[in-house]
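In what follows, a single structure is set out as structure tokens and then discussed.
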Amino acid sequence: MSRSIEINLRVNGEVVHATVPSRLNLVDFLREELSLTGSHVGCEHGVCGACTLTVDGDTVRGCLMLAAQADGKEITTIEGLAENGQSAQLQAAFTKHNALQCGFCTPGMLASALGYVNTGGSADRDAIRQHISGNYCRCTGYQSIVNAICDVIEETSV
Amino acid sequence: MTGPAHIFDKPNRYIGKPEPRADSARLLQGRGSYVDDQKLPRMAHAAFVRSPHAHAKILSIDTQEAGAATGVVAVYSGEDLAEHVTPYIGTLTHLTGLRSMPQHPLAVGVARWQGEPVVMIVATSRALAEDACELVYVDYAELPAAVESETALDTGAPIIHPELGSNLAWERDVVAGDIDAAFAAPDVHVVEREFRFGRHTGVTLEARGTVCDYDPSENQLTVYYSGQAPHMMQVIFSKHLDLPEENIRVISNDVGGSFGIKIHTYGDEIATAAAAKLLKRPVKFIADRFESFLTDIHARDHIVNAKMGITQAGTIVGIDFDDLTGIGPFSMYPRTSAIECNQVLNLTGAPYVMENYRAKGRVVFQNKTLMCQYRAVGHPIAMAIADGLLEDAARKIGMDPVALREINLMADDSYPRTSATGMKLDDLSHKRALRKLTDLMDYDGLRARQTLARRRGVYRGIGFVSMVEVTNPSPMFYGIGGAPIASQDGATVRLDAGGALHVSSSITEQGQGTNAILAQIAAGVFGVDLNRVKVTTGDTATTPYGGGTWASRGAGIGGEAMLQAAQALKDQVLEVAGVMLQTGVETLDIQNGAVTDIDGSVRLTLADLARTVYYRGNELPNDLKPELIATRHYRVTDFPFVFTNGAMAAHVEVDIETGFVKVLHFWAVEDCGRIINPLLVDEQIRGGVVQGIGGALYEECHYSADGQFLNATMADYMVPMASEMPEITIAHIETPTKTSVLGAKGAGEAGTGGAPAAILNAVNDALSPMGASIWQMPMTPERILTALDKVD
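Protein chains in written order, with this note's numbering: chain A, -6 to 151; chain B, 48 to 839.
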């Protein structure tokens, strides 16, 4: 239970060396050890999507991956996306459409949306709804989020 | 130009504009500050051993091994904490006859629901605290559980509090006119249905949590609180932890959703504060999702037998119903668990002219999680009873449901008036709202297409609701009954030396855009650019005293206080400007950050004025005593609540082979008075509609016969996700309330209150060709197939 594992990884472009308990999951590691509190914990079993982040470019649930499994990986959290400008268009569109209220789902929602946009997802509202249906939002009616993602795709494709 | 521009029509007019929220940038960059993001020096972490039984006597607790486990700082049982926390009881004097028993933060002697906290472990990390929980041995003797509300009052049912003699917590009868005579009259048809509303819960994405920091050197408790009512919590911590009120500071930074969940007294949070006080160091408790399901308040849980009488010509003669609601083993403190039933008794049928009314409400204890006020308290029940029966009656007499509403809705020019239950109503627009709705949705076209679809074996339904929403509550809601809950709110606005405004208010932000609308009101009324207003909310140490944000009161009450404060500051600033400029105040205005003539020509920038006052007071006459700060408070008088109204419609398709319901589209026409920000209010209403659809179609807390919560995970408890949700069209009618200058009513709960009735009616419209109907929520595929007689 208390066995520790050494890991080396990059988080938001920075090299990180750490010794982590084997049972520690990735999102807890990021939040508690690295103080990257932008990734949120909602259900801890991969359903709500609040902890969604990027691992080697793939969209991943931070609660379903152990910190030990991140050894050698490149992790990008919401803080990294904001810093490197990758999510700038989505951030602007989310603001314009009021696609967030309490903001707790927002980092995960943005990561999912970015995955959709970056893989050439179309501005088809049903397809967008399907794609973000792993991200729970209790505040909005989802419509403003769909509007924001559509906007970014349409702007990018012009 | 004959005088200063009106506040709603000025150059810096922000009220009514779709301004994006200033604070969204922070949240979109992962820079929010939620409770679990707080890290304090020497902070310890709490975890709880919870009762695995719905009802059990606690015979013994062995914490020896846990106490010696790695990282454990302290272990507390119910008895341990009872020495330091006075018990609390969820009754209020205006709910005559309401009974409950004293409640402790951790169970003492008996556990009364599965999930009730029994032992608290404080350790150096949450993981170590959870490890130690595994080493606590509690010996229980299971007791028979009263699980179902239907049998809770039966002779021989297990009595949860023997001191009370029965499981009845509260009952109330409301009678108007003579319902028996009205139903017995010739030409009156009576429709009768049994409605069942399942238990559901809030599922805020950010679970409940608290960080409590106690400093013994000043006997000061600072609580980081994810919730809606900081000043209420200040009183509660003071009263039950024996600390002076002024030594408690409650801070709400970002709150990850609340919806009425995080406005109550939870044992695990009180225990965390007690532990911080005892240990003289910060303690954090963050509920995990399982704990949230088991201990966050639940909602609804009603069984209603209801009748409506209607003449062949379509006049409603009255409603008669009996509501039974289960609230768990205690009435929640301090708001009580009787308000929901009371709202059902008060609000059912409130949009309609009706002379005869009889309602009986009974609130019963049961061994399930506590039930209390969740978004749209009582409204989904009240609206579904009246509008469900109304559409049932429409089918019975062969009349279109819109035409039937036209006959019975209160006329828009008939206010002020009272409802059958004596509710004071004013400034409502039911008929205009319904007409706008039917135009918006192309009702006739939709009906025509429905008929064509039925020929193809596709069963679509259209359902409506005409509704009222209780908003802007006065002291009659809680304060009158002795609750430490402010009904008034305050706002302060200060002109800083640089010419910017700093605003603080006692209403709170949980994502609605509270801070944004405060800034809009202050900027517009005072006369500065919106980006020159900074807002502070959610801190008992730095904001005026007030109730917070709940019961759709933030905009209407907090917004009016803000408007009055901004107007007062403007008057104060113009008085100073008049002296500095040697000009009559009546010839001056404030626009775009400067004192101007009435025509807008700049005389003096606000920064010049403020710097003169703050830095070079020697330039001012000695008898001028400038106050560049103003505070105003506001409460609703003359009305217990300010009602709003709305009309909503759902278009659904029911797959009669699988029982699945697809919501094709939803429309809502809402009259929340003056709209401060349409961008914010529209999506808030949509979010409310989605929560209402959740309650109507998906969400239910399932319990076994012995009181085990069977689906307490997010994989098993169905919440609405994007792919199931329809596009939702919102439109407004603006009938400002005459109770304030701002004219804003609430809007936060309308969708949740109205959508379930509209969905119910739409599903029943779809099922009507088969002669089937359903009166139970959520309307799951299994229940729909049962209604269609396709499964047993």
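Virtual Cβ for every residue (Gly too), placed ideally from N, Cα, C.
>> Cβ closer than 8 angstroms: which chain A residues qualify as neighbours of Y81/B?
In response: Per Cβ cutoff of 8 angstroms: T30, H33 and F97.
> How is G801/B classed by DSSP in three states: helix, strand or coil?
Replying inline: Per DSSP, reduced to three states, the secondary structure at G801/B is helical.
>> Any beta carbon from chain B within less than 8 angstroms of L59/A's own beta carbon?
In response: no
> Which whole-angstrom value is the C-beta distance of I780/B and K483/B, which I expect to be below 8 angstroms?
Replying inline: 6 angstroms
> Are any of the Cβ atoms in chain B nearer than 8 angstroms to that of N91/A?
Replying inline: yes
> Going straight from the alpha carbon of R73/B to that of G79/B, what length do you get?
Replying inline: Here the C-alpha atom of R73/B lies approximately 6 angstroms from the C-alpha atom of G79/B.
> Taking the alpha-carbon positions, what's the A612/B to R679/B distance?
Replying inline: In a straight line, the C-alpha of A612/B is about 5 angstroms away from that of R679/B.
> Tell me the DSSP bridge mates of K471/B?
Replying inline: T465/B
>> Suppose the cutoff is 8 angstroms on Cβ atoms and the five residues either side in sequence are ignored; what does the same chain contact list for P291/B look like?
In response: Excluding sequence neighbours, P291/B sits near N266 and S285.
> In chain order, which continuous runs of the beta strand (DSSP E) of length 3 or greater are located wholly inside the segment 675 to 707 of chain B?
Replying inline: 676 to 681 and 689 to 701
> Roughly how many whole angstroms lie between the Cα atoms of G245/B and D348/B?
Replying inline: 5 angstroms
>> Could you tell me the alpha carbon to alpha carbon distance between R650/B and I298/B, rounded to whole angstroms?
In response: 41 angstroms
> Do H151/B and N30/B come within 8 angstroms of each other at the CB atom, strictly closer than that value?
Replying inline: Only positions 48 to 839 of chain B appear in the structure, and residue 30/B is not among them; the question remains open.
> With which residues is K354/B paired in a DSSP beta bridge?
Replying inline: E239/B and D367/B
> So, P277/B versus D586/B, is the Cβ gap smaller than 8 angstroms?
Replying inline: yes
> How would you label H749/B, buried or exposed, when you count the other beta carbons within 10 angstroms and need 16 or more for buried?
Replying inline: exposed
> DSSP state of P381/B, grouped into three classes?
Replying inline: coil
>> Along the segment 106 to 125 of chain A, where does the CB come closer than 7 angstroms to a CB of chain B? Name the residues.
In response: R122, Q123 and I125
> Any heavy atom of the ligand MN closer than 7 angstroms to the Cβ of I62/B?
Replying inline: The model depicted lacks the ligand MN and carries no ligand whatsoever.
> Between which two residues does the alpha helix (DSSP H) harbouring H124/A extend?
Replying inline: R118 to H124
> For the segment 551 to 583 of chain B, which residues have a CB atom closer than 7 angstroms to at least one CB atom of chain A, in sequence order?
Replying inline: Q557, G558 and Q559
> Among all the DSSP beta bridges, which residues are the ones paired with L548/B?
Replying inline: L542/B and V580/B
> Taking a cut of 7 angstroms between CB atoms, which residues from the segment 313 to 344 of chain B lie near chain A?
Replying inline: D335 and R336
>> So with CB distances below 8 angstroms, who are the chain A contacts of R68/B?
In response: T88 and N91
> For the putative contact between I363/B and A353/B, defined by C-beta atoms under 8 angstroms, what is the C-beta separation to the nearest angstrom?
Replying inline: Contact doesn't hold; Cβ gap of about 13 angstroms is too wide.
> Going along the chain, which residues of its own chain have a beta-carbon closer than 7 angstroms to the beta-carbon of R173/B, five neighbours each way excluded?
Replying inline: H92 and A94, listed in sequence order.
> Got a sec: which bits of the segment 631 to 656 of chain B sit with their beta carbon under 8 angstroms from any beta carbon on chain A, in order along the chain?
Replying inline: Residues passing the 8 angstroms Cβ filter: none.
> Buried or exposed: which applies to K709/B, given that a residue is buried once 16 or more other Cβ atoms fall within 10 Å of its Cβ?
Replying inline: exposed
>> Let me check understanding here. Comparing Cα to Cα, which of V282/B, L472/B, S551/B and T138/B lies closest to K785/B?
In response: The residue with the shortest Cα to Cα distance from K785/B is L472/B.
> So is R131/A buried or exposed if we call it buried at 16+ other beta carbons inside 10 Å?
Replying inline: R131/A should be labelled buried.
> P14/A: which of E7/A, A63/A and P100/A sits nearest, CA to CA?
Replying inline: Ranking the options by Cα distance to P14/A, first place goes to A63/A.
> CB I564/B to CB V683/B, shorter than 8 angstroms?
Replying inline: no
>> Strictly below 7 angstroms CB to CB, what residues from chain B border Q82/A?
In response: Near Q82/A there are no residues of chain B at all, since even the closest Cβ is about 11 angstroms away, more than 7 angstroms.
>> Using DSSP's beta-bridge definition, name the partner residues of A406/B.
In response: Per DSSP, V221/B and F368/B.
> So is I146/A in contact with chain B if we call contact Cβ pairs under 8 angstroms?
Replying inline: Answer no: the Cβ-Cβ gap between I146/A and chain B never drops below 8 angstroms.
> With distances taken between CB atoms, is the gap from V235/B to A440/B smaller than 8 angstroms?
Replying inline: Cβ atoms of V235/B and A440/B: not closer than 8 angstroms.
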